[in-house]
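Report on one structure; see the data block that follows.
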Amino acid sequence: MRLGAHESTSGGLHEAYPRALADGAEAVQIFTKSSRMWRSREITPQDAGLLRATAKAAGFFPTVHASYLINLGCVPGDLREKSVDAFTDELRRCDLIGAPYLVVHPGSCVDTAAGLRAVADALDRTFAAHKGRCIVLLETAAGQGSTLGRTFEELREIRDRVRSPERIGICLDTCHVFAAGYDLSTDRGYDETFKQFEQMLGIGLLKAFHLN
Numbered sequence: 001m002r003l004g005a006h007e008s009t010s011g012g013l014h015e016a017y018p019r020a021l022a023d024g025a026e027a028v029q030i031f032t033k034s035s036r037m038w039r040s041r042e043i044t045p046q047d048a049g050l051l052r053a054t055a056k057a058a059g060f061f062p063t064v065h066a067s068y069l070i071n072l073g074c075v076p077g078d079l080r081e082k083s084v085d086a087f088t089d090e091l092r093r094c095d096l097i098g099a100p101y102l103v104v105h106p107g108s109c110v111d112t113a114a115g116l117r118a119v120a121d122a123l124d125r126t127f128a129a130h131k132g133r134c135i136v137l138l139e140t141a142a143g144q145g146s147t148l149g150r151t152f153e154e155l156r157e158i159r160d161r162v163r164s165p166e167r168i169g170i171c172l173d174t175c176h177v178f179a180a181g182y183d184l185s186t187d188r189g190y191d192e193t194f195k196q197f198e199q200m201l202g203i204g205l206l207k208a209f210h211l212n
């Protein structure tokens with residue numbers, strides 16, 4: 001396992017690497033755009049080339065986290081269309097810079113069943129619009145309010161519904177799964193949690209952790 005951190009890209013995407021290496025990181029997560037704005041500055045060929053060269057020299061490429069504004073599980077309407085368009089752009093940007101993984105929160109919906117279907121549909125639309133190599137990692141949710149992906153069963157349902165399941169993996173946030181009711185505070189609880197993960201999803205789908 002490679003341990004790293006989320007780093008600022010102030011000054012350019014490649015600037016995350018000096019910060020990561022100064023922290024002793026062997027992995028890095030970044031935003032390729034503002035996490036709180038729909039609009040984004042284009043990644044130029046020069047930007048992408050510099051990031052790729054820096055990543056190659058460091059020995060690892062970045063994992064990217066998608067914008068917090070994106071809600072793939074919402075009902076049809078303006079927010080849904082903005083979310084699908086923004087997420088497609090996020091995936092395109094990842095392939096420009098060679099990022100292997102794009103982490104996204106599944107979203108929220110007051111009707112869980114409808115929300116899970118909506119997430120899968122949004123992913124299908126995204127994958128149809130962009131044929132790339134980057135793998136989408138669904139992040140485990142804490143379970144507050146109407147959030148989706150708070151159980152391993154919900155994450156499995158999303159992946160089972162997607163037409164290209166090979167393009168889906170999982171990012172396990174330890175704080176989120178604990179808040180959702182999975183016990184990570186004891187050896188027994190830890191073992192049971194990962195036993196359930198293996199049964200529902202398979203450990204091979206676990207590509208990244210957010211450790212808290």
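Counting in the numbering used here, the sequence shown runs from 1 upward without gaps. We put the beta carbon where it would ideally sit given N, CA and C, even for glycine.
Problem - residue 83 beta carbon less than 7 Å from that of residue 35 - result: Sequence index remark: in the sequence shown, residue 35 carries index 35 (1-based). Sequence index remark: in the sequence shown, residue 83 carries index 83 (1-based). Taking the C-beta atoms as reference points, residue 83 is found no nearer than 7 Å to residue 35.
Exercise for the section: Would you mind sorting residue 175 into buried or exposed? The rule is 16 or more other CB atoms within 10 Å of its CB. Expected result: Here residue 175 refers to the residue found at position 175 of the sequence shown. Exposed is the call here.
Practice task
Only counting runs of 3 or more residues, tell me where the beta strand (DSSP E) segments fall wholly within the segment 41-71, in order along the chain.
Solution key: Counting only runs of 3 or more, we get 63-65.
Exercise for the section: Would you mind sorting residue 131 into buried or exposed? The rule is 16 or more other CB atoms within 10 Å of its CB. Expected result: By one-based count along the sequence shown, residue 131 stands at place 131. That one is exposed.
Problem - Cα-Cα separation between residue 39 and residue 99, rounded to whole angstroms - result: Against the sequence shown, residue 39 aligns to sequence position 39. Against the sequence shown, residue 99 aligns to sequence position 99. In a straight line, the C-alpha of residue 39 is about 20 Å away from that of residue 99.
Handout entry: Straight-line gap, residue 199 to residue 193 (C-alpha atoms, nearest Å)
Key = Translated into the one-based positions of the sequence shown, residue 199 becomes position 199. Translated into the one-based positions of the sequence shown, residue 193 becomes position 193. Going by the C-alpha atoms only, they are around 10 Å apart.
Handout entry: residue 7, buried or exposed, once every other Cβ within 10 Å from all chains shown has been counted against 16
Key = Translated into the one-based positions of the sequence shown, residue 7 becomes position 7. Its Cβ being crowded by 16 or more others within 10 Å, residue 7 is buried.
Problem - Residues of its chain near residue 32, where Cβ-Cβ distance is below 6 Å and the 5 sequence neighbours each way are ignored - result: Start at 1 with the first residue of the sequence shown, and residue 32 comes out as number 32. If we look at residue 32 and ignore the five residues flanking it on each side, its Cβ neighbours are 64, 93.
Handout entry: Endpoints, the alpha helix (DSSP H) within which residue 115 is located
Key = Taking the first residue of the sequence shown as position 1, residue 115 is located at position 115. Here the alpha helix (DSSP H) through residue 115 covers 112-129.
Practice task
Might you give, ordered along the chain, the residues of its own chain that have their beta carbon closer than 7 Å to the beta carbon of residue 48, omitting 5 neighbours on each side?
Solution key: If you number the sequence shown from 1, residue 48 lands on position 48. So the list reads 96, 97, once near-sequence residues are dropped.
Practice task
Return yes when the Cβ of residue 169 is within less than 7 Å of the Cβ of residue 207, no when it is not.
Solution key: Working through the sequence shown from its first residue, we reach residue 207 at position 207. Working through the sequence shown from its first residue, we reach residue 169 at position 169. Contact flag set, yes.
Handout entry: Exposure label - residue 71; buried when at least 16 CB within 10 Å
Key = Mapped onto the sequence shown, residue 71 falls at position 71. By the 10 Å Cβ count, residue 71 comes out buried.
Problem - Under the three-state DSSP convention, the category residue 4 falls into - result: Against the sequence shown, residue 4 aligns to sequence position 4. It is a strand residue.
Problem - Beta-carbon proximity list for residue 155, same chain, < 8 Å, skipping 5 on both sides - result: For the purposes of this step, residue 155 is taken as residue 155 along the sequence shown, with counting starting at 1. Excluding positions up to five away in sequence, the list reads 106, 138, 140, 149, 170, 200, 201.
Practice task
Using only alpha-carbon positions, find the residue among 115, 188, 3, 186 that is nearest to residue 80.
Solution key: Translated into positions along the sequence shown, residue 80 becomes position 80. The shortest C-alpha separation from residue 80 is found at 115.
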